[in-house]
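Novice:
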Amino acid sequence: MKSSDFACLAVTALVASNATAQDRAPVQDARPLLIAAIEAPDGQSRGVLVGEIADAITRQFKGTSPIYIDVTTERRYTQAGCSRLNVRFWQEGVQLPGAAAPRRQTIDFGINYCRDGLPPKSLS
259 MKSSDFACLA
269 VTALVASNAT
279 AQDRAPVQDA
289 RPLLIAAIEA
299 PDGQSRGVLV
309 GEIADAITRQ
319 FKGTSPIYID
329 VTTERRYTQA
339 GCSRLNVRFW
349 QEGVQLPGAA
359 APRRQTIDFG
369 INYCRDGLPP
379 KSLS
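So the working numbering is basically just the index in the sequence shown, starting at one, shifted up by 258.
(1) Could you give the distance in angstroms between the alpha-carbon of glycine 305 and the alpha-carbon of alanine 283?
(2) In whole angstroms, what separates the C-alpha of serine 382 from that of tyrosine 335?
(3) Which residue comes first and which comes last in the alpha helix (DSSP H) that contains arginine 282?
(4) How long is the line joining the alpha carbons of aspartate 387 and isoleucine 327, rounded to whole angstroms?
(5) Reducing DSSP to helix, strand and coil, say where glutamine 337 ends up.
(6) Counting beta carbon pairs with one atom in the stretch 345-358 and one in the stretch 312-331, are three or more of them shorter than 8 Å?
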């Protein structure tokens, strides 16, 4: 591969990472994204964690990207405004203690959540 090919790849990666961050809502916690996913016709929302907590996590683990959040709806319950959601936090370049090299770190969890912030009264 020629050096010009490497430069082209680097620019493409930079543009892609900037587009990823720019297409996402900045949030201090995931709650607005949970509500947005419940209200979205496609059941999805995306954001980027900002603020003191995001900065502290990034410093601690030497992350090389923002902390991204992806919320997807797994199931809509009969109770209006309530869903089963999958919440994914991820960051590039995370250096975990004892790990040989930095890598993408991803954490997924599921939550039953309603627009009012409470769990659904029924899981049907």
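For glycine and all other residues, C-beta sits at the position ideal for the given N, C-alpha and C.
Computed from a predicted structure; not experimentally measured.
Specialist: This is what the structure holds:
(1) Walking along the sequence shown from the start, residue 305 turns up at place 47. Walking along the sequence shown from the start, residue 283 turns up at place 25. Each residue's Cα considered, the two are about 4 Å apart.
(2) One-based indexing of the sequence shown puts residue 382 at position 124. One-based indexing of the sequence shown puts residue 335 at position 77. The straight-line gap from Cα to Cα measures roughly 6 Å.
(3) Within the sequence shown, numbered from 1, the residue matching residue 282 stands at position 24. In this chain, arginine 282 is not harboured by any alpha helix (DSSP H), its DSSP state being neither H nor E.
(4) Residue numbering for the chain in the displayed model covers 259 to 382; residue 387 lies beyond these limits and cannot be assessed.
(5) Along the sequence shown, one-based indexing puts residue 337 at 79. In the structure shown, glutamine 337 sits in coil (DSSP, three-state: anything other than H, G, I, E or B).
(6) A contact is defined here as three or more CB-CB pairs under 8 Å, and the stretch 312-331 meets this definition with respect to the stretch 345-358.
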